[in-house]
Amino acid sequence: MAVNVLFIFLCSILVFVMTPGLAFFYGGMVPRRDINNTLMAVFIMCCVPVLLWVICGYSLSFSGNNWNIIGNLHNFFLNNVKFNAGAATTGGSITNIAFLIFQMMFALITPALFVGAVVERINFRFLILFVVLWSLFVYYPLVHIVWGGGFLQSLGVLDFAGGLVVHINAGVTALLLAYFLGPRLIQEKGSPKSLSWVLLGTTFLWIGWYGFNAGSAFAINGIAMQAMLTTTVATATAMLVWVILDVCTKRNATLFGICSGAICGLVAITPACGFVSVESSMIIGAIATMASYGFITVIKPKLKIDDTLDAFGCHGISGIVGSILTGLFASKAINPAVTHNGWLAGGNFHQFGIQLGATLFTVAFTTVVVTIIIVVLKQVMSMRMRHEEEIVKREMADLQ
Numbered sequence: 000m001a002v003n004v005l006f007i008f009l010c011s012i013l014v015f016v017m018t019p020g021l022a023f024f025y026g027g028m029v030p031r032r033d034i035n036n037t038l039m040a041v042f043i044m045c046c047v048p049v050l051l052w053v054i055c056g057y058s059l060s061f062s063g064n065n066w067n068i069i070g071n072l073h074n075f076f077l078n079n080v081k082f083n084a085g086a087a088t089t090g091g092s093i094t095n096i097a098f099l100i101f102q103m104m105f106a107l108i109t110p111a112l113f114v115g116a117v118v119e120r121i122n123f124r125f126l127i128l129f130v131v132l133w134s135l136f137v138y139y140p141l142v143h144i145v146w147g148g149g150f151l152q153s154l155g156v157l158d159f160a161g162g163l164v165v166h167i168n169a170g171v172t173a174l175l176l177a178y179f180l181g182p183r184l185i186q187e188k189g190s191p192k193s194l195s196w197v198l199l200g201t202t203f204l205w206i207g208w209y210g211f212n213a214g215s216a217f218a219i220n221g222i223a224m225q226a227m228l229t230t231t232v233a234t235a236t237a238m239l240v241w242v243i244l245d246v247c248t249k250r251n252a253t254l255f256g257i258c259s260g261a262i263c264g265l266v267a268i269t270p271a272c273g274f275v276s277v278e279s280s281m282i283i284g285a286i287a288t289m290a291s292y293g294f295i296t297v298i299k300p301k302l303k304i305d306d307t308l309d310a311f312g313c314h315g316i317s318g319i320v321g322s323i324l325t326g327l328f329a330s331k332a333i334n335p336a337v338t339h340n341g342w343l344a345g346g347n348f349h350q351f352g353i354q355l356g357a358t359l360f361t362v363a364f365t366t367v368v369v370t371i372i373i374v375v376l377k378q379v380m381s382m383r384m385r386h387e388e389e390i391v392k393r394e395m396a397d398l399q
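Once you know that position 230 of the sequence shown is 229 in numbering that gives the first Met the number 0, the rest is easy, because the numbers rise by one and skip nothing.
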């Protein structure tokens, strides 16, 4: 167990690094006047979700089972947690304290992802209170439902490292926040303002993703190595596909496109990485990237929803595709935890049906609860920053 605990310790650090990496990624994509606001909105997630997780998040996610939807408060403020005992959720491969720290990093990065949809115009106080309520009523229930003994886990859903819990959840939340918030006063087109920051952020994210995906094996074993390999191959495939699409439609490849492709590949393989073969990971990376590219370039302009940094286009769409395709390619030969082989891995449509149903449930659940949270919060405070602040920013833009 000691070796596995050390492995998860290192993986937890890697997952933590993803949040400042995301700050660089998003910060490089916005105008200079919005950099500090964007960095702060992302980096504050190293504070609020951590405290919430310790107070009640871990308990609501992994302690008890109420209605197969949510846990209880038996471990409120981590009381009654036997830190050095083997974590039942991991089959005892690591200790409880290692498991709760690793999962805490997931609770930290997930809300940071949807910040990209609303930078430049959201009221900061609204964002903080929204994250608190979203964590309590969306994130913790989904963690419990998928990983903590809830009904989707009982049905046999496969989500190795967070396709449902993290990426579809964050992507749908991003789209809804952008819809209710309304468009920016200034919608600048063209390349990101600092491609070097975007590349740096992508690098941090990719490195951190190894902790995210390989660490979800909860042991340094063959499945963890499989997850690392498929993560790398899917991401490389996605990068190449995005470049090809750019060349075919825009006549040139861009560094920003390469980075966007990498993110789509990382997202898409997340739910499947420990369940599929290398060949399957290439297919998942390619299909998800084509879907995200098509949404961002063709569908999004028609929706007229100002998702500033395409949080839904990358995380939501690629997460949905990756989750569903897991049901086609999951293989018992890769991971004994797979009960039913995917249809294209020698099985039938049973697992595909479970994955499709779980994906639709996640989208619907997140949509309904997030909508309720936003509508209620808007009754007590402004969702958008003051009009005067946006006017000042517009005037600064004119001067630049």
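Even glycine gets a Cβ: it sits at the ideal position worked out from N, Cα and C.
Remember, it's a predicted structure, so these values are computed and weren't measured experimentally.
Check                                                                                                                                                                                : Outcome
Whose C-alpha, out of ILE96, ILE323, SER62 and ILE295, is nearest the C-alpha of GLY356?                                                                                             : ILE323
Just reading off the alpha helix (DSSP H) that TYR139 is part of, what are its end residues?                                                                                         : 139–146
So, using beta-carbon positions, are LEU265 and THR288 closer together than 8 Å?                                                                                                     : no
Just mark GLU119 as buried or exposed, buried being the case when its beta carbon has 16 or more other beta carbons within 10 Å.                                                     : buried
Here's a check: name, in chain order, each residue in its chain whose Cβ is nearer than 8 Å to the Cβ of VAL4, leaving out the five neighbours to either side.                       : ILE93, THR94 and ALA97
Would you list the one or two residues that DSSP bridges to THR400?                                                                                                                  : Beyond the ends of the chain as shown, which are 0 and 399, falls residue 400; an answer cannot be given.
Might you give, ordered along the chain, the residues of its own chain that have their beta carbon closer than 6 Å to the beta carbon of ASP397, omitting 5 neighbours on each side? : Only weak support exists for where ASP397 lies, its pLDDT of 46 falling under 50; the value from the coordinates is given anyway. Cβ within range, chain order: n/a, list empty.
Name the DSSP beta bridge partners of ASN65, please?                                                                                                                                 : ILE69
Taking GLY162 as the reference, which of LEU128, ASN212 and TRP52 has the closest Cα?                                                                                                : ASN212
Could you give the residue range of the alpha helix (DSSP H) that holds CYS247?                                                                                                      : 221–249
So for ARG32, helix, strand or coil by DSSP?                                                                                                                                         : helix
Where ASN79 and ALA1 are concerned, what is the direct C-alpha to C-alpha distance, given to the nearest angstrom?                                                                   : 22 Å
Apart from the five residues on each side of it in sequence, which residues of its chain come closer than 8 Å, Cβ to Cβ, to LEU112?                                                  : LEU21, VAL165, HIS166, ALA169, GLY170, ALA173, ALA310 and HIS314
From the DSSP output, in three-state form, read off ARG124 for me.                                                                                                                   : helix
Buried or exposed for CYS10, please, with buried defined as at least 16 other CB atoms from any protein chain shown within 10 angstroms of its CB.                                   : buried
Out of HIS339, CYS55 and ALA86, which has the shortest C-alpha to C-alpha gap to ASN71?                                                                                              : CYS55
Can you tell me whether GLY181 is buried or exposed? The criterion is at least 16 other CB atoms within 10 Å of its CB, across all chains shown.                                     : exposed
Across which residues does DSSP place ARG406 in a beta bridge pair?                                                                                                                  : Residue 406 is absent from the model: the chain starts at 0 and stops at 399.
What does a CB cutoff of less than 8 Å around ALA235 pick up in its chain, not counting 5 residues either side in sequence?                                                          : GLY264 and GLY284
Hey, ALA233 and MET281: beta-carbon distance below 8 Å or not?                                                                                                                       : yes
DSSP state of HIS339, grouped into three classes?                                                                                                                                    : coil
Where does VAL80 fall in DSSP's three states?                                                                                                                                        : coil
Let me know the secondary structure DSSP gives ALA252 once reduced to three states.                                                                                                  : coil
Residues in the same chain with beta-carbon distance under 6 Å from GLY341, minus the five sequence neighbours each way, listed in chain order, please.                              : GLY326, LEU327, PHE328, ALA329 and GLN350
What span of residues does the alpha helix (DSSP H) with ILE185 cover, start to end?                                                                                                 : First-last for ILE185: undefined, no H or E at that position.
Taking DSSP as the reference, what is the three-state secondary structure of GLN152?                                                                                                 : helix
In chain order, what residues of the same chain have a beta carbon less than 7 Å from the beta carbon of GLN225, not counting five sequence neighbours either side?                  : GLY273 and ILE333
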